[in-house]
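> Take the sequence shown: its position 70, counted from the start at 1, is 69 in numbering that gives the first Met the number 0, and no numbers get skipped.
Mind having a look at this structure? Questions to follow.
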Amino acid sequence: MKQVFLLLLLGLGLFMLSKFGFSQKTGDSKIIKKQAMNPTGEKDQVIYMARKANPSPTKDTVVSATYKRKDQSTLKKELTPLQYDVTQHQATERAFDNAYNVEFRDGIYVDITTGEPLFVSTDKFESSCGWPSFSKPINPDLVDELVDNSHGMRRTEVRSKTGDAHLGHVFDDGPADKGGLRYCINSASLEFVPKEEMKAKGYEKYLALLDKK
0 MKQVFLLLLL GLGLFMLSKF GFSQKTGDSK IIKKQAMNPT GEKDQVIYMA
50 RKANPSPTKD TVVSATYKRK DQSTLKKELT PLQYDVTQHQ ATERAFDNAY
100 NVEFRDGIYV DITTGEPLFV STDKFESSCG WPSFSKPINP DLVDELVDNS
150 HGMRRTEVRS KTGDAHLGHV FDDGPADKGG LRYCINSASL EFVPKEEMKA
200 KGYEKYLALL DKK
């Protein structure tokens with residue numbers, strides 16, 4: 000009799016567990032679904048737009064290569080005073096009076112501190128702001144976007160991920176047909192490599208990016 004009673008209790012327990020366990024699972028699913036409808040907790044809208052607008056890494060945009068951050072001593076020797084001040088001290092070069100504001104030849108723009116390709120000419124556009132402007136980087140994983148509250152303004156700073164060099168800022172006033180972003184980048188933080196020189200300088204695998212308009 001005692002064994003029968005224990006079996007009844009066990010059966011009742013399993014029934015209650017399955018019933019309430021199912022209800023809890025259903026409730027959790029609703030919560031997860033609700034969270035999925037709000038995919039980001041990003042406070043800065045420009046940063047969210049930048050990450051959303053840029054495509055995920057693909058074989059077409061990722062080229063295997065090794066680039067390394069250089070120490071301060073090496074950078075001081077290799078960079079001009081302006082390049083060093085911009086990339087290491089977040090300075091801003093003069094508008095319109097810089098190397099690549101009106102540069103529209105085919106090619107790529109690489110990090111002046113590491114040589115890593117960051118932007119391609121097919122994403123460059125005339126913005127009339129006085130600095131080189133791009134709709135997006137070659138790959139979103141190549142740059143970091145950080146909230147910048149300096150000088151009494153709220154902006155979104157753009158830095159190269161590998162070199163940790165200050166590049167400029169990104170704004171949400173770019174061409175709508177290109178994603179709506181404007182990466183406003185200092186010429187001093189970049190080196191332009193024309194299409195005809197890319198193979199000789201080791202950037203041959205990036206030539207395919209120039210065919211995409």
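Where is the CB? At the ideal position from N, CA and C, for every residue including glycine.
Quick caveat, the model's predicted, so the values are computed rather than measured.
If you draw a straight line from the C-alpha of F170 to the C-alpha of A187, how long is it?
Cα to Cα, F170 sits roughly 19 Å from A187.
> Is the CB-CB distance between R181 and S134 below 9 Å?
In this structure, S134 lies closer than 9 Å to R181 by Cβ.
> Can you tell me where the alpha helix (DSSP H) with D84 in it begins and where it stops?
P80 to H88 is the span of the alpha helix (DSSP H), which, as asked, contains D84.
> Can you check DSSP and say which residues form a bridge with F191?
Beta-bridge pairing links F191 to Y108.
> Using a 10 Å radius around the Cβ and a threshold of 16 neighbouring Cβ atoms, would you call D122 buried or exposed?
With 16 or more other Cβ atoms within 10 Å, it is buried.
> Spatial neighbours of L81 within its chain, please: C-beta separation below 8 Å, excluding the five flanking residues on both sides.
Excluding positions up to five away in sequence, the list reads A90, E92 and A187.
> Nearest-angstrom Cα distance between Y205 and N148?
Cα to Cα, Y205 sits roughly 35 Å from N148.
> Would you tell me roughly how many angstroms separate the C-alpha atoms of F118 and E190, rounded to the nearest one?
Between F118 and E190, the C-alpha separation is close to 10 Å.
> Taking just the CA atoms, how far does P193 sit from Y202?
About 10 Å.
> Report the start-end ranges of each beta strand (DSSP E) in the stretch 121-173 that is 3 residues or longer and not cut off at the edges.
Fully enclosed beta strand (DSSP E) runs of 3 or longer: 142-147, 154-159 and 165-170.
> Tell me the rounded alpha-carbon separation between N138 and A207.
Approximately 14 Å, taken between the alpha carbons.
> Would you say the beta carbon of E144 is closer than 8 Å to some non-hydrogen atom of the ligand MN?
No copy of the ligand MN appears in this structure; indeed no ligand is present at all.
> According to DSSP, is Y205 helix, strand or coil?
Y205: helix per DSSP, three-state reduction.
> Taking the C-alpha atoms as reference points, what is the distance between D163 and V85?
Near 12 Å, if we compare the C-alpha coordinates of V85 and D163.
> Can you tell me whether L117 is helix, strand or coil according to DSSP?
Strand at L117.
> Would you kindly work out how many angstroms separate the C-alpha atoms of F95 and I184, rounded to a whole number?
F95 and I184: Cα-Cα distance of roughly 12 Å.
> Do you know offhand how far L210's Cα is from G106's?
The residue you asked about is not Leu; residue 210 is Asp in the sequence shown. Distance between the alpha carbons of D210 and G106: 11 Å.
> Given that a residue counts as buried once 16 or more other Cβ atoms are within 10 Å of its Cβ, and exposed if not, what is V157?
Classification of V157: buried, given that the 10 Å Cβ count is 16 or more.
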